[in-house]
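Under the numbering used here, the residues of the sequence shown are numbered 8 to 273, in order.
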Amino acid sequence: MIKLLFNLPRPTVPVFIRGTRSSGVAASAESNIKSNDHDTTASAWIKSDIEFPIRRIYCVGRNYREHTIEMGGNPDKEPPFFFQKPSDAVVVCNPTSTATCIPYPPMTSSLHFEGELIVAVGKDGLRIPVDHAMDHVYGYSIGCDLTRRDLQSEAKKMRRPWDAAKGFDQSCPMSPIIPKEEINLDVDSSIQLEVNDSIRQQSTIGNMIYDVPEIISNLSQLFRLRQGDLILTGTPAGVSHLNVGDSVSITCGSLIPCRFAIGEPE
8 MIKLLFNLPR PTVPVFIRGT RSSGVAASAE SNIKSNDHDT TASAWIKSDI EFPIRRIYCV
68 GRNYREHTIE MGGNPDKEPP FFFQKPSDAV VVCNPTSTAT CIPYPPMTSS LHFEGELIVA
128 VGKDGLRIPV DHAMDHVYGY SIGCDLTRRD LQSEAKKMRR PWDAAKGFDQ SCPMSPIIPK
188 EEINLDVDSS IQLEVNDSIR QQSTIGNMIY DVPEIISNLS QLFRLRQGDL ILTGTPAGVS
248 HLNVGDSVSI TCGSLIPCRF AIGEPE
């Protein structure tokens with residue numbers, strides 16, 4: 008029998024479902040995970056016994072017009088492009104406790120936030136048609152594509168990959184996943200990021216250049232999507248720097264907010 012030299016546990020993300028406030032954790036979470044204004048029932052998100060195992064993390068670059076422009080691109084001409092983060096870059100932000108602390112990463116003086124809607128893939132597929140793409144979606148989360156902007160700018164100038172700028176440790180804080188049947192997201196659903204209670208990014212997911220079905224279809228031309236894949240769908244305009252001590256809150260519709268703080272470097 009072959010023995011592994013050591014065990015590498017697969018990262019997972021908890022799945023939350025809707026339940027009554029008395030049976031859930033919303034009452035003690037200061038409305039961190041309460042239902043949005045469109046909900047009329049006294050319900051809240053509660054943790055299920057399901058964990059979503061992460062296989063790969065894909066990210067879409069420049070998928071909001073205003074962000075494409077602020078980054079020097081042309082939103083009318085650029086096809087979607089993708090990059091990846093390692094699966095262990097994920098940090099799940101616990102909605103029932105104080106903000107998760109993420110150390111300021113090494114080798115940078117320009118850490119930037121990018122708030123993004125995250126799609127969790129629940130069905131395998133290759134060359135998926137747009138009109139079948141939603142069949143492959145398990146659920147949604149909200150998170151942040153933390154970026155070492157100075158390293159990214161240097162890589163762009165030298166025409167090198169972005170791995171060091173995008174794929175560092177703890178570069179993907181995210182909230183628990185909500186199954187798609189449990190939530191209603193539409194083109195008017197707001198995505199917003201605050202730093203120290205000041206709004207820094209605000210848009211709607213309807214302002215994406217490529218919507219979720221189009222992203223899935225385009226990505227599946229390049230890779231066979233598998234259960235356990237996460238897709239960060241792009242960020243609105245307003246990206247900027249974070250400093251030690253900053254607190255970040257990201258919301259989208261009635262998804263569980265993603266909240267974290269930047270701590271001292273390790």
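A virtual CB, placed ideally from N, CA and C, is assigned to each residue, including glycine.
| Query | Result |
| --- | --- |
| To the nearest angstrom, report how far apart residue 132 and residue 125 are at their CA atoms. | 18 angstroms |
| What is the DSSP secondary structure of residue 273, counted as helix, strand or coil? | coil |
| Skipping 5 residues on each side, what residues in its chain have a beta carbon closer than 8 angstroms to that of residue 115? | 155, 156, 157 and 158 |
| Could you pull the start and end residues of the alpha helix (DSSP H) that residue 221 belongs to? | 219 to 229 |
| To the nearest angstrom, report how far apart residue 21 and residue 152 are at their CA atoms. | 19 angstroms |
| Taking only runs of the alpha helix (DSSP H) that begin and end inside the segment 164 to 210, which ones reach a length of at least 4 residues, in chain order? | 170 to 173 |
| Suppose the cutoff is 7 angstroms on Cβ atoms and the five residues either side in sequence are ignored; what does the same chain contact list for residue 142 look like? | 130 |
| Below 7 angstroms CB to CB, which residues in the same chain sit around residue 225 once its five sequence neighbours on both sides are set aside? | 87 and 217 |
| Would you call the CB atoms of residue 111 and residue 220 closer than 9 angstroms? | no |
| Taking the straight line between their C-alpha atoms, what separation do you get for residue 107 and residue 264? | 12 angstroms |
| Secondary structure at residue 237, three-state DSSP: helix, strand or coil? | strand |
| Residue 61 and residue 25 - do their beta-carbons sit closer together than 9 angstroms? | no |
| Taking the C-alpha atoms as reference points, what is the distance between residue 96 and residue 83? | 32 angstroms |
| Could you tell me which residues DSSP pairs with residue 259 in its beta bridges? | 198 |
| Drop a sphere of 10 angstroms on the beta-carbon of residue 76, count the other beta-carbons inside from all chains shown, and report buried for 16 or more, exposed for fewer. | exposed |
| Is the shortest distance between the beta-carbon of residue 223 and the beta-carbons of chain D less than 9 angstroms? | Considering every chain present, this structure includes no chain D. It has just one protein chain. |
| I need the DSSP call for residue 59, collapsed to helix, strand or coil. | strand |
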